[in-house]
Amino acid sequence: MSVRTLPLLFLNLGGEMLYILDQRLRAQNIPGDKARKVLNDIISTMFNRKFMEELFKPQELYSKKALRTVYDRLAHASIMRLNQASMDKLYDLMTMAFKYQVLLCPRPKDVLLVTFNHLDAIKGFIQDSPTILHQVDETFQQLTEIYGGLSAGEFQLIRQTLLIFFQDLHIRVSIFLKDKVQNSNGRFVLPVSGPLPWGTKVPGLVRTFNNKGEEVRKVEFKHGGSYVAAPKEGSFELYGDRVLKLGTNMYSVNRPMETHMSGASENLAAQTQESIAPNPLAKEELNLLARLIGGMEIKKPSGPEPGFRLNLFTTDEEEEQAALTRPEELFYEVINIQATQDQQTNEELARIMGEFEILDQPRRSASKGDDLLAMMDEL
Amino acid sequence: MFRRERSIPLRGSAAALCNNLSVLQLPVRNLTHFGVVHGPSAQLLSAAPEGVPLAQRQLQAKEGAGVSPPLITQVHWCVLPFRVLLVLTSHRGIQMYESDGSVMVYWHALDAGDASLVQAVFARGIAASGHFICVGMWSGRVLVFDIPAKGPNIVLSEELAGHQTPITDIATEPAQGQDCVADMVTADDSGLLCVWQSGPEFKLLTRIPGFGVPCPSVQLWQGTVAAGYGNGQVRLYEASTGTLHVQIDAHARAICALDLAPEVGKLLSAAEDTFVHIWQLSRSPEGGYIEVEHCHGECVPDTQVCGARFCDPSGSSFAVTGYDLAEILRFSSM
Numbered sequence: 001m002s003v004r005t006l007p008l009l010f011l012n013l014g015g016e017m018l019y020i021l022d023q024r025l026r027a028q029n030i031p032g033d034k035a036r037k038v039l040n041d042i043i044s045t046m047f048n049r050k051f052m053e054e055l056f057k058p059q060e061l062y063s064k065k066a067l068r069t070v071y072d073r074l075a076h077a078s079i080m081r082l083n084q085a086s087m088d089k090l091y092d093l094m095t096m097a098f099k100y101q102v103l104l105c106p107r108p109k110d111v112l113l114v115t116f117n118h119l120d121a122i123k124g125f126i127q128d129s130p131t132i133l134h135q136v137d138e139t140f141q142q143l144t145e146i147y148g149g150l151s152a153g154e155f156q157l158i159r160q161t162l163l164i165f166f167q168d169l170h171i172r173v174s175i176f177l178k179d180k181v182q183n184s185n186g187r188f189v190l191p192v193s194g195p196l197p198w199g200t201k202v203p204g205l206v207r208t209f210n211n212k213g214e215e216v217r218k219v220e221f222k223h224g225g226s227y228v229a230a231p232k233e234g235s236f237e238l239y240g241d242r243v244l245k246l247g248t249n250m251y252s253v254n255r256p257m258e259t260h261m262s263g264a265s266e267n268l269a270a271q272t273q274e275s276i277a278p279n280p281l282a283k284e285e286l287n288l289l290a291r292l293i294g295g296m297e298i299k300k301p302s303g304p305e306p307g308f309r310l311n312l313f314t315t316d317e318e319e320e321q322a323a324l325t326r327p328e329e330l331f332y333e334v335i336n337i338q339a340t341q342d343q344q345t346n347e348e349l350a351r352i353m354g355e356f357e358i359l360d361q362p363r364r365s366a367s368k369g370d371d372l373l374a375m376m377d378e379l
Numbered sequence: 001m002f003r004r005e006r007s008i009p010l011r012g013s014a015a016a017l018c019n020n021l022s023v024l025q026l027p028v029r030n031l032t033h034f035g036v037v038h039g040p041s042a043q044l045l046s047a048a049p050e051g052v053p054l055a056q057r058q059l060q061a062k063e064g065a066g067v068s069p070p071l072i073t074q075v076h077w078c079v080l081p082f083r084v085l086l087v088l089t090s091h092r093g094i095q096m097y098e099s100d101g102s103v104m105v106y107w108h109a110l111d112a113g114d115a116s117l118v119q120a121v122f123a124r125g126i127a128a129s130g131h132f133i134c135v136g137m138w139s140g141r142v143l144v145f146d147i148p149a150k151g152p153n154i155v156l157s158e159e160l161a162g163h164q165t166p167i168t169d170i171a172t173e174p175a176q177g178q179d180c181v182a183d184m185v186t187a188d189d190s191g192l193l194c195v196w197q198s199g200p201e202f203k204l205l206t207r208i209p210g211f212g213v214p215c216p217s218v219q220l221w222q223g224t225v226a227a228g229y230g231n232g233q234v235r236l237y238e239a240s241t242g243t244l245h246v247q248i249d250a251h252a253r254a255i256c257a258l259d260l261a262p263e264v265g266k267l268l269s270a271a272e273d274t275f276v277h278i279w280q281l282s283r284s285p286e287g288g289y290i291e292v293e294h295c296h297g298e299c300v301p302d303t304q305v306c307g308a309r310f311c312d313p314s315g316s317s318f319a320v321t322g323y324d325l326a327e328i329l330r331f332s333s334m
């Protein structure tokens, strides 16, 4: 499929992740300075120059495992910690949101506008850091350079590649169910009304021409929908009215974040296909991870900024319950980097990782207080 | 009016590709074969008239090098004078099987030599023309394979140059006689259409330029090219001259499939806007040029359609596949 898809996938999923984390940080009343630090750290890691270089190389999409591992690392790029259940839920919400956005893009090229919407919002999260702002703007430039000139056909291929990546994912998301954007069977609602893609005329007209090119007949037919022409095209400039709402922050007001697991996944036979195949992590995937981790500063939860745990659920009990009841077919596999077969890359990665601490095993504790204490014990 | 018939369940959901449904009608045996691409595999199944599934088989894309298995781009039955072959195109090559998918009779690996780093390499677009099978490539080239009446001695006889961007679809029909020798049309991602005359050497007759959107699906009927475009339009051109005769603002999203019931002149268009439309093609009594009348529109709620085909020669029934849907939806007229 298209070898230009990974940057779009990564940036949009990353954008959704930041929306969700921002909302949870506020909901959990994390002090403003801590919350800002977390977002700043994650954004700075995401847009790290070496990482972006690796990301923008033409390549196949990463395996679901590799991508999930990337976001695991990214979410832990700062003083914040997430338990497995919360990380799973975060990833569920991120992926379903972007799947929805891709599916509803009027034109394949509009996925670029969705990406710009995410980047615009990310710039809004950055506080007092012109360096990080500059990194994001540079990424914007790169996106424009690479995607600005792609044809409609190439965007169609990118769209198909993304949809194949998201195939068979039907997790039900509360916000989507409430907004009637998703049905109770997990499928998204595809409206047959509203604005048309830029460049598409209102369906319902048959025009006939003679050999000289003159119109000789014009007949209307009933097409069944209720569409209107698009008011204008969204802007692809650094600043501008994107027109499209897809990719903007749907959590900016306090919205429910539940997801529903039962009956969420179909076609198990088709899904197990991927997990049965041997794991070897491709060299490229390892490189990306190495770059990502290499871009992360040494973080020790000590000194004036003690770490904290973020919960994607309303209570700790809910989080534990979610961990226990997650259906097996929805287990996300995260790569155990030590266990890969590529000896050389493995050693390199292990060396990079040895340079700083990352808590690989999420803590399970009954309350936030215990968690912080345990963390401080490690100092 | 059409009504929903019993759906046929699939083992795997349909992938978001265009032309993602192939149907082989076998009225003599009271059977219909269906072929759908899931991703790295394709599913073939046969069903009895009421849609009762009888047998199914899964085919895999060959040559899985690398971390993930290669993806299939299309599966299509090719009806030749003495045999029927099933052709499967992927990101690695072209696989040809006996019509029930039981035996692979030919494998052609793609040569990615010329591709730049940023180009995806794949085969896509399959059609039978006489005793040839034509398959399109990411480069815009069309490979012409000479198929013997039986056995595996398939030979690549020609490589057609006419397109610069990836081929999307190919359509053929038996030559219409002296006045119209055009019997094949190829389409690509830029919307360009090339009209050919088949033979020991294929000849390019006409080029019909695109207008900035891909042409994912194309059909040929009595010397008329019917093309579906990424902006939802269906256009009909005279094949031999390339003259535009009919322009239909048919759909609100990109068209993903066109099909023909040639005996009765019915055209089916399906798009990502969840609609399937059926059109009646005819020749005007005065000028003899092509006319189109809308017959029926069907909404498949909340389904991004990716494939649609007539299921019988009279065009009174059709089948539809949708992205993420693990069933083939069937409709028949009342």
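Protein chains in written order, with UniProt numbering: chain A, 1 to 379; chain B, 1 to 334. We put the CB at the ideal spot given by N, CA and C, even for glycine.
- Between P53 of chain B and A61 of chain B, the C-beta spacing is not below 8 Å.
- Judged by DSSP in its simplified three-state form, S332 of chain B adopts strand.
- Within its own chain, the residues whose Cβ lies closer than 7 Å to the Cβ of L204 of chain B, once the five positions on either side in sequence are excluded, are G162, C194 and W196, listed in chain order.
- Judged by their CB atoms, T303 of chain B and G288 of chain B are not nearer to each other than the 8 Å cut-off.
- In this structure, A:A152 is the residue among A:F116, A:S252, A:A152 and A:L244 with its C-alpha nearest to the C-alpha of C215 of chain B.
- The three-state reading of DSSP puts D324 of chain B in coil, since its state is none of H, G, I, E or B.
- Its chain contains D41, I42, T45 and M296 as the residues whose beta carbon lies nearer than 6 Å to that of A77 of chain A, once the 5 sequence neighbours on both sides are disregarded; these appear in chain order.
- With fewer than 16 other CB atoms across the displayed protein chains lying within 10 angstroms of its CB, V155 of chain B is exposed.
- For N231 of chain B, the chain A residues whose Cβ falls inside 7 Å of its Cβ are G199 and T200, in order along the chain.
- T200 of chain A is a Cβ neighbour of N231 of chain B, given a cutoff of 8 Å.
- Cβ contact annotation for A175 of chain B (same chain, cutoff 7 Å, sequence separation greater than five): V181 and D183, in chain order.
- One finds L103 and L190 in chain A with Cβ atoms closer than 7 Å to the Cβ of Q304 of chain B, taken in chain order.
- Beta-bridge analysis with DSSP links W221 of chain B to B:T224.
- Distance from F34 of chain B to L26 of chain B at the Cβ level is roughly 12 Å; contact not present, criterion being Cβ atoms closer than 8 Å.
- One alpha carbon belongs to R217 of chain A, the other to A254 of chain B, and they sit about 25 Å apart.
- Residue contact with chain B for N183 of chain A: present (Cβ-Cβ distance below 8 Å to some residue of chain B).
- Within the region 150 to 178 of chain A, the residues whose Cβ lies closer than 8 Å to any Cβ of chain B are, in chain order, S151, A152, G153, E154, Q156, L157, R159, Q160, L163, I164, Q167, D168 and H170.
- Sequence-distant Cβ neighbours of V136 of chain A in its own chain, meaning closer than 8 Å and more than five residues away, are I43, F47, L119, I122, K123 and I126.
- A Cβ-Cβ separation of about 7 Å places V276 of chain B in contact with F318 of chain B under the 8 Å criterion.
- For R124 of chain B, the three-state secondary structure derived from DSSP is strand.
- Listed in chain order, the non-local C-beta contacts of V206 of chain A below 7 Å within the same chain comprise V219 and F221, local neighbours out to five positions each way being set aside.
- Only those residues of the region 272 to 289 of chain B whose C-beta falls short of 9 Å from the nearest C-beta of chain A are listed: E272, D273, T274, F275, H277, W279, S284, G287 and Y289.
- Within the region 156 to 182 of chain B, those residues whose Cβ lies closer than 9 Å to any Cβ of chain A are, in chain order, T165, P166 and T168.
- Contact of R253 of chain B with chain A is assigned, a C-beta pair being separated by under 8 Å.
- Interface with chain B (8 Å Cβ-Cβ cutoff): G14 of chain A is excluded.
- Minimum Cα-Cα distance from F116 of chain A among the listed residues A:G307, A:P58, A:H223 and A:P7 corresponds to A:P7.
- Counting only residues of its own chain and dropping the five nearest sequence neighbours on each side, A261 of chain B has a CB closer than 7 Å to the CB of F310, P313, S314 and G315.
- Between the beta-carbon of A239 of chain B and that of G223 of chain B there is about 5 Å, and that keeps the pair under the 8 Å contact cut.
- In this structure, DSSP gives Q164 of chain B a state outside helix and strand, which the three-state scheme calls coil.
- Look at Y97 of chain B here: in three-state DSSP terms it is strand.
- 8 Å or more divides the Cβ of Q58 of chain B from the Cβ of S46 of chain B.
- Around the C-beta of N211 of chain A, fewer than 16 other C-beta atoms lie within 10 Å, and the residue is accordingly described as exposed.
- DSSP, reduced to helix, strand and coil, places Y227 of chain A within a strand of the structure shown.
- Distance between F188 of chain A and Q182 of chain A, taken at the CA atoms: about 4 Å.
- Between I290 of chain B and F209 of chain A, the alpha-carbon positions lie close to 9 Å from each other.
- Using a 10 angstroms sphere on the CB of L324 of chain A, the tally of other CB atoms stays under 16, which defines it as exposed.
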